[in-house]
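Asks:
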Amino acid sequence: MTVTQLSAQELFRAAYENRYTWDKNFPGYTANITFKHDDKVFTGKVIINANLKAEVLDVDDESAQKAIHGQAWEIAIHRIRRSFEDTHSANTFSYGKTDETGAVELLIGGKAEGDKYKVRNNEVCHVHRLIHGTYVTIDTFSSHDTGEGYLSHRYDSVYHDPKTGEQKGGRSEFTDEYEKVGDYFILNRREIRTETAGQVSIQEFIFSDIKLLEPVAA
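Residue numbers are given in numbering that gives the first Met the number 0: position 182 of the sequence shown equals residue 181, and the series is strictly consecutive.
1) Please say whether A102 and R119 have beta carbons closer to each other than 8 angstroms?
2) Have a look at K210, E172, A66 and F204 and flag the residue whose alpha-carbon is nearest the alpha-carbon of E194.
3) Would you be able to state if there are at least three C-beta pairs under 8 angstroms between the stretch 184-191 and the stretch 204-214?
4) Rounded to the nearest angstrom, what separates F184 and R128 at their Cα positions?
5) If I measure Cβ to Cβ from Y177 and keep anything under 7 angstroms in the same chain, skipping five residues before and after, which residues do I get?
6) Got a sec, what are the start and stop residues for the alpha helix (DSSP H) R218 sits in?
7) Return yes when the Cβ of L51 is within less than 8 angstroms of the Cβ of A75, no when it is not.
8) Leaving out the 5 sequence neighbours to the left and right, which residues in its chain are closer than 7 angstroms to V55 when beta-carbon positions are compared?
9) So, with DSSP's three-state summary, where would you put Y19?
10) Around the C-beta of A14, are 16 or more other C-beta atoms found within 10 angstroms, so that it is buried, or is it exposed?
11) On the DSSP bridge list, what partners appear for D138?
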């Protein structure tokens, strides 16, 4: 009997399609937001509509409003369901090394040449991508299994200059927690601990009283 090895592209596609995303019927939601940044606390409301556009209400402080909007946008952008072909049809995939944890490295050629991923247990556990002229490296340490795909639970991110390889800014550690509202898993807490030059800054985003919006009649 011969064992057919999965191609690098098939391995990555399976993990890509195993991510948890919201379906086309997702109606959007509202939530109360409490944003804690070190010793400051801000409260307001967040709306993410069916088109996954985010809006922040009742937050007067401009930097807090911007931080909350940035997180709401991040939340929505990662739950959009895009086909593998739409995202990766211009890329090629080849195998790199397998590390001591069993994570398989995948090297990207084509449009996104230079990007790298690692897949372990049918989940993408390492991302190294050029985004807006900077390399972002994300390692995932644990995940939530929703039964409909996985969501990252604990992970970190670091930015590097693509020319010099020099680290830009600090390393950030994330902890994400979710709750099921109706048929959908929605982020209800995100903590970000960022260490820069030995100093740790903590941001915490707490989403409460999450309610799905009424579906818009077709």
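For every residue, glycine included, the Cβ atom is placed at its ideal position computed from N, Cα and C.
Please read these numbers as outputs of a predicted model, since none were measured by experiment.
Replies: With the given structure in hand:
1) Less than 8 angstroms separates the beta-carbon of R119 from that of A102.
2) Per the Cα distances, E172.
3) Taking 8 angstroms as the limit for Cβ pairs, the verdict is that the stretch 184-191 does touch the stretch 204-214.
4) Whole-angstrom Cα-Cα distance: 26 angstroms.
5) Counting only residues of its own chain and dropping the five nearest sequence neighbours on each side, Y177 has a CB closer than 7 angstroms to the CB of H143, L150, F184, I185, L186 and N187.
6) Beyond the ends of the chain as shown, which are 0 and 217, falls residue 218; an answer cannot be given.
7) Cβ atoms of A75 and L51: closer than 8 angstroms.
8) Cβ neighbours of V55 beyond the five flanking positions: G43, V45, Q64, I67, H68 and A71.
9) It is coil, neither helix nor strand.
10) A14 should be labelled buried.
11) As DSSP reads the structure, D138 sits in a beta bridge with H125 and D155.
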